[in-house]
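Here the structure comes first, spelled out in structure tokens, and everything after it is commentary.
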Amino acid sequence: MKPMRKITYSQAFVEGLDYCMRKLPNFSLLGNEVMGLGPQRVHLETIWRNYPERVNFPPTSEAAFSALAAGAAMSGEHVFCHLGAASFSFLSMTSIANEAATAHYASGGKIKVPVVFHMLHGLRIGGGTQHSMSPQSMYWNVPGLQIVLPSCARDAKGLVATACLSDNPTVMFTHDLLIGMEGEVPEADYEIPFGKADIKRRGKDVTLVATSYMVQVSLAAAEILAAEGIDVEVLDPRTLVPFDKKALIKSVAKTGRLVVADESHLSCGVTAEIAAIVAEEAFHHLKAPILRVARPDVPTPFSRPLEDFVTPTADKIAAAVRRVMG
Amino acid sequence: MKPMRKITYSQAFVEGLDYCMRKLPNFSLLGNEVMGLGPQRVHLETIWRNYPERVNFPPTSEAAFSALAAGAAMSGEHVFCHLGAASFSFLSMTSIANEAATAHYASGGKIKVPVVFHMLHGLRIGGGTQHSMSPQSMYWNVPGLQIVLPSCARDAKGLVATACLSDNPTVMFTHDLLIGMEGEVPEADYEIPFGKADIKRRGKDVTLVATSYMVQVSLAAAEILAAEGIDVEVLDPRTLVPFDKKALIKSVAKTGRLVVADESHLSCGVTAEIAAIVAEEAFHHLKAPILRVARPDVPTPFSRPLEDFVTPTADKIAAAVRRVMG
Amino acid sequence: MMAKQSLNKAACVRVLERMLVIRRFEEALVEMSGQKLFKSHYHLYIGQEATAATVVESLRSDDKLVTTHRNHGHVLARGADPGAAFAEILGRATGLNGGRGGTLHMSAPELGFLATSSVVGGCIGLALGGAFAQQRRGRGGVSVAFFGDGSLEEGISFESMNIAALWKLPAVFLCENNGAGATGSAKGGFPSSLIAAPRLAGIAESLAIASSQIDGRDVDAVHRAVSRGVASCRAGRGPVFIECITERWEGSKPMWPELSTGITDVALAWESERMPKKYRDWHVHQDPILLHIRKLLRKKLISRAAVLQLDRKVIARNAAARQFAIASPMPRGKTALDSVYA
Amino acid sequence: MMAKQSLNKAACVRVLERMLVIRRFEEALVEMSGQKLFKSHYHLYIGQEATAATVVESLRSDDKLVTTHRNHGHVLARGADPGAAFAEILGRATGLNGGRGGTLHMSAPELGFLATSSVVGGCIGLALGGAFAQQRRGRGGVSVAFFGDGSLEEGISFESMNIAALWKLPAVFLCENNGAGATGSAKGGFPSSLIAAPRLAGIAESLAIASSQIDGRDVDAVHRAVSRGVASCRAGRGPVFIECITERWEGSKPMWPELSTGITDVALAWESERMPKKYRDWHVHQDPILLHIRKLLRKKLISRAAVLQLDRKVIARNAAARQFAIASPMPRGKTALDSVYA
Ligand SMILES: Cc1ncc(C[n+]2csc(CCOP(=O)(O)OP(=O)(O)O)c2C)c(N)n1
Ligand SMILES: Cc1ncc(C[n+]2csc(CCOP(=O)(O)OP(=O)(O)O)c2C)c(N)n1
Ligand SMILES: [Mg+2]
Ligand SMILES: [Mg+2]
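One line per chain: the protein sequences are X, V, U and H, in this order. Going by the numbering used here, the first sequence opens with residue 445, and the numbers climb by one from there. Going by the numbering used here, the second sequence opens with residue 445, and the numbers climb by one from there. Going by the numbering used here, the third sequence opens with residue 2, and the numbers climb by one from there. Going by the numbering used here, the fourth sequence opens with residue 2, and the numbers climb by one from there.
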């Protein structure tokens, strides 16, 4: 068997979008620079070229173009709506949380809202206070939204497809540092079902749940720890809504130990929810406290040593794992 | 000693504002209907009458008038900015989370932002999807903001004063159902320091942490449980930022059991963070799983039986306490 | 569809019937609120009926509509079942939206409505999406946003008009300016709009959007402006902005609606000597139903007897609708967890 | 302060010096970015210097200013130390903001700046707050919002202008329209603004805000409009909107800035035969520094020698500032946890 081709997250993501373009005539794309401002941005141009009628560059009016996307979705379109840096989504929080998230429910199930709000998140080196945010937990707190965080090229392709084909509003986060990362990606079209966690590394000593770029960092941490004889299981939920509680509890039942890594700020972050689920539903399996590796509760500083200090790293994750190993 | 006078939350709140008006000549108020649309709204009129120059009714432009409040605060004013229903704060999320929360930090500590963003939250009977939200956990996830949730008239008076006098941006939540509730309130001016939890009821069997209106509901639950011989300690953090971790851990160390009640949605809600703190830092004190009583992850329905179903009640809280008692 | 500049006889009567349907519905609602059949805050359309009842004359079944907290009139004018509408406001399982929306979120997607937002300005952004979808579909459909003067204070309204203008979307921005005569909130009432624009239409015009400004109580004026505007949208000439001006109805000035001008007596259209002095201005100059009846009588498009008969028919159907709603079951509590996702 | 319609000799030279300070700073910055002394995205003010350098002539020390992602020019024009500014962009402890802000958030609160937002439109709302504070203080202070043409696409800009107009706040909405000649993002460059308004000032005018539209490269034009506008604000006549138009500088068209017109040679102001052909248009018609020098020479307000001397002085100081920044220490990592709250 020949080895699978390797392409970047950006290329894989674009393949997922392209699949939806082919599959759904009523699918279109709103927003530019879906894959950031770096060199990987060029891959989107295939879509622009092949489907010029189905790509729209809106003005810098996040509230209105997000509402446009939601309203078009309510009218039968499927829309992929790119918001740029996640902090810009705060300009359209009302369109996402007040409108898109509630319409299906408030209408008594009559209205569908097949829209994807995509944004770039994470510590990206030099992003500073307003270009580094990771508000995934804020959106997880809004019922009615599906939440998707791909952690690698392969998942990006399948998850973006599922998101765009879904009948529900979805918030999708791409980590800036994943965009250029290569990985094995099948050529064929595929969708990855939501709500199915992926065990990115099997292990027996500690369950390490990680999201988005933190999956990559956690895999690096697992290597460090393997050399020390600690066998870490890295669990990637892939979607927070729906959340694969079963896989989480099954893993914790096996290992008895849990560390959670995610880049949202600590308080009420993604790590809090995952810790709370286990403290509530799998408490009797636990042999140690649940540790969280998250961004500390400070705005993100620009200066490199300061930014490094608040960035969750493989070393910090490894240290947390050692602590739960006692 | 003569019994202390009883006044409503609304009256107490207005007394706190009045104190700040007297104390700070550079303090002003932005927004109408600070105490909702019910009969208690009239108390604010004292402020309108006594300080007409310092009360402003802005247009329905939440993003701009919140930014105005933040910008005025950066220029040396203290501003109390009322946003109406908490869902309307999503229109000004950028002004609160991107601007007010980060300015002090990004400026290297040079800029102060003494502004209070006040909003009404909670299940209020018939509020439906867009007038019932409780986004306190979303704001707790934004570092740079102080988060305040008074649970009674006495606390409202002292906490609003501390918030308005503070040099930091503060998000303050008033529960709709607290506004008309009476309680004993000292006549004199006072401030309640942030970061000091209040034990609203002492007990030894279970720690019940509750916020805002859930404190009242939890006290009712504690009465039910007392009759069954279960002695509940009701802990009210009063401010989520700063959070009184010490008081929480001390109480859990005593009881070994924790139930958390708050009206934000379950996932990544306030209950998640409090559970996660204890699962991380007080794990070895725990004798039972940590249970959460929160609003389930569904938008808020209008119809009464549906709304009742999603409302955290004294019965639901009591049931959770019984479960952790085994 | 061609823009017809004036309504024929049948259409005039249809408009009257729609106005009566809305009026009788809301009069009953005030009573039902008094009876505590529902507990939430609500907003009435009384005084503005000529607008909704007329706008729908220019619409096709595949057009999209979006409305606000003040939605009853729009939803009923488009033909929603009053029984299901009452049931929605009472939170019944048989409601338009299963009781999940309530008065602030009534929507009839089967009639082309998108979600109803009670976030001021929210409807405008959603309607923009409807227009985007219509343009993509390419069949000449339009999307109508009904919103109040106050909505223009929200930046999303400006943003939406800009996008519609840039992309020539078939959006009808239908602004119902009921700001005249509104008391301020400091005086215990809902505020009128706070906007520095000397003319609301001037905002749309700054974005090169074709605009008109008309008397929202005048069925013919509304029809002229809307039929022309809708035709222009259908022809691909981009969005239009139409400002329908009404005086704020007395009963909608206080925080909670009051039936301050009494139950409507259609005969006042011709028995002016019976008009109570206190609300003379309302009955003579404001009430769009009386105005419309007078005009139809004058033009001999209807008889007094026919008016009375039509009204009786509407009242009877309204009473039945009300009964249906009251007799309807509440949804079961645990169904609250259903339909969060499609 | 009275509105002075034209600048005296000393002021003209001050303006030139400020422009040179900004230019030499940013030219060095492109080099430093190439040397990977900092890694983030950044935006240059080259081509727009006449605006910032002139606006500050009309301001008092107690006036407030707010700027954007394109802030270098504004902060330096107001007199911030270039060494501290370089240090900020390099993330040094000695930076204007201790290295926490970086290029996108440079702010000099001691000079009247509020927080610098790189959220498009964000600065406008904050500046509104500055104007509110100035009005409350009652000493005739103003608040200036510097922002780009694209910022008008954000609803908060419209909302802010409305509030300023309603409350007659002393806000100067200073729109730097560098949209002309900008390439679209589809072509690999930053987009020009997407706004349907035939005239940006028309938006402000729809809210009855006094507006003017001027050539942003022309120091005298900027001064006339700004001094008049600021005086009007100080007199309590409400906000003003001033649109300063420039062509987008070549080097700011691509996603990442490039020093495409080379290091500025001030002698090109009079040695036109040495101008490289490729950027003739820039050197003859666009570069505000060369334009200003030519005008000063023509009016005999400065000599060629004095220009060269001034430039040398600026270059020397700039080199020292750059050295200072490079030699400055980084903050210690754990101080990241400090100063979250005051
Ligand atoms: C974003 C937001 N802010 C505030 C409110 C509270 N509110 C409800 S109705 C209303 C007035 C709306 O005025 P207008 O748009 O003219 O509609 P009208 O009620 O006059 O028909 C306001 C401010 C809201 N619903 N949404
Ligand atoms: C809310 C928001 N959306 C998008 C961006 C990305 N962005 C950065 S600069 C820019 C263009 C701004 O144009 P303009 O205001 O004219 O300023 P200029 O860069 O031309 O000086 C955009 C869209 C942003 N910073 N903030
Ligand atoms: Mg109105
Ligand atoms: Mg620009």
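Glycine is no exception: its CB is placed at the ideal position from the N, C-alpha and C atoms. The structure displayed is predicted, hence computed values, not measured ones.
- Secondary structure of R736(V) (DSSP, three-state): strand.
- For the set K65(H), S119(H), D150(H), G84(H), the Cα lying nearest the Cα of A134(H) is the one of K65(H).
- In this structure, P587(X) sits away from V714(V), with a CB-CB distance that is not shorter than 8 Å.
- Distance from A51(U) to A78(U) at the Cβ level is roughly 10 Å; contact not present, criterion being Cβ atoms closer than 8 Å.
- Within chain H, no residue has its beta carbon less than 7 Å from that of S578(V); the closest one is some 24 Å off.
- A547(X) is not a Cβ neighbour of A109(U), given a cutoff of 8 Å.
- Listed along chain X are S551, K554, I555, each with a C-beta nearer than 7 Å to that of P110(U).
- For the set L21(U), R313(U), A209(U), E155(U), the Cα lying nearest the Cα of W168(U) is the one of A209(U).
- Within the segment 507–526 of chain X, A507, A508 place their CB atoms closer than 8 Å to a CB of chain H, listed in sequence order.
- Cβ proximity to chain H below 7 Å picks out T538, S539, N542, E543, A547, H548 from the segment 529–548 of chain V.
- Note that the C-beta distance between F534(X) and L474(X) is not below 8 Å.
- Between the C-alpha atoms of L679(V) and R466(X) there is a straight-line separation of about 57 Å.
- When the beta-carbon positions are compared, A511(X) and L127(U) come within less than 8 Å of each other.
- Nearest Cα to I23(U) within the set S340(U), R323(U), P332(U), D150(U): R323(U).
- For A720(X), at least one C-beta of chain V is nearer than 8 Å to its own C-beta.
- By DSSP's assignment, R645(X) forms a beta bridge with V678(X).
- When C-beta distances to chain H are compared with 9 Å, the residues of the segment 491–505 of chain X below that value are W492, V499, F501, P502, P503, T504, S505, in chain order.
- Residues of chain H whose Cβ lies closer than 7 Å to the Cβ of F159(U) are, in chain order, G156, F159.
- Its Cα nearest to that of T55(U), the residue H293(U) stands out among D282(U), H293(U), G131(U).
- Contact between D150(H) and S194(H) holds, since their C-beta atoms are separated by about 4 Å, short of 8 Å.
- Collapsing the DSSP output to three states places T490(X) in a helix.
- Spanning the alpha carbons of W271(U) and A343(U) requires a straight line of approximately 53 Å.
- C-alpha of F638(X) to C-alpha of V696(X): approximately 21 Å in a straight line.
- V120(H) is positioned such that its CB atom lies closer than 8 Å to that of N542(V).
- For K169(H), the closest Cβ of chain V is not nearer than 8 Å.
- The C-beta distance from P613(V) to V559(V) rounds to 5 Å, short enough to fall under 8 Å.
- No Cβ of chain V is located within less than 8 Å of the beta carbon of A328(U).
- Relative to F87(U), the option among I246(U), R225(U), P330(U) whose CA is nearest is P330(U).
- With a cutoff of 8 Å on beta-carbon distance, A738(X) and P756(X) are scored as near each other.
- Buried is the label assigned to E459(X), since at least 16 other Cβ atoms lie within 10 Å of its Cβ.
- T52(H) carries a helical assignment under DSSP once its states are collapsed to helix, strand and coil.
- Residue pairing for I246(U): DSSP places it in a beta bridge opposite N178(U), D216(U).
- Closest by C-alpha distance to E154(U), out of P447(V), L652(V), E506(V), is E506(V).
- Contact between the segment 301–316 of chain H and the segment 5–20 of chain H is present: 3 or more CB-CB pairs across the two stretches fall below 8 Å.
- Look at N179(U): its beta carbon is less than 7 Å from one of the heavy atoms in ligand 1.
- For D599(V), the enclosing alpha helix (DSSP H) starts and ends at 597–609.
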